[in-house]
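Q: Counting along the sequence shown from 1, when you hit position 5 you're at 4 in numbering that gives the first Met the number 0, and nothing is skipped either side.
Note that beta-carbon positions come from the ideal geometry of N, C-alpha and C, so glycine has one too.
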Amino acid sequence: MNPSQFDEVLALVGPVLQKRSHREPLSPSQRLAITWRYLSEGDSLFSIASGYKVGRSTLSLVIEGTTEAIWNTLNKTVLKPLYVEDYKKNSQQMEPMEFAA
Numbered sequence: 000m001n002p003s004q005f006d007e008v009l010a011l012v013g014p015v016l017q018k019r020s021h022r023e024p025l026s027p028s029q030r031l032a033i034t035w036r037y038l039s040e041g042d043s044l045f046s047i048a049s050g051y052k053v054g055r056s057t058l059s060l061v062i063e064g065t066t067e068a069i070w071n072t073l074n075k076t077v078l079k080p081l082y083v084e085d086y087k088k089n090s091q092q093m094e095p096m097e098f099a100a
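#1: Look up MET0 in the DSSP assignment and say whether it is helix, strand or coil.
#2: Which word fits ARG30, buried or exposed, when buried means at least 16 other C-beta atoms lie within 10 angstroms of its C-beta?
#3: Would you say LEU11 and VAL61 are within 8 angstroms of each other, going by their C-beta atoms?
#4: Taking one C-beta from the segment 46-59 and one from the segment 79-89 each time, how about it: are there three or more such pairs within less than 8 angstroms?
#5: Distance, Cα to Cα, ASN71 vs GLY64?
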C-alpha cells in the first residue's frame, strides 16, 4: 500500500478510530499502521508490540477495533453484494478443478 492509499483509507476510517482517554491514546494513523502491518506481514503480536512499544493486549484490541472499523466503513463501497446466482456460477467454475486430498 502506498502512502496516498494509506491516507485515503485513513480519511475514511480515522474518525471511527479516534479514541478519547485520560492517557495519550494511539492516533488513528498509528492504529491503522499497526493493523496493516499485522495483516500484510503476519508478524507475531510480540514483535509488532515491541516495535510500536505497546502491550500485546492493547495491540490485540487495536487490531480488532481497526479491522472492525475498516469492515464497517468500507464493506458497502468496496464489496459488491453476492447473490445466489453468483454462488452458483462460482461453484460451477470450481467443479472442473481437481484438488488433491
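A: By the coordinates alone:
#1: coil
#2: buried
#3: no
#4: no
#5: 10 angstroms
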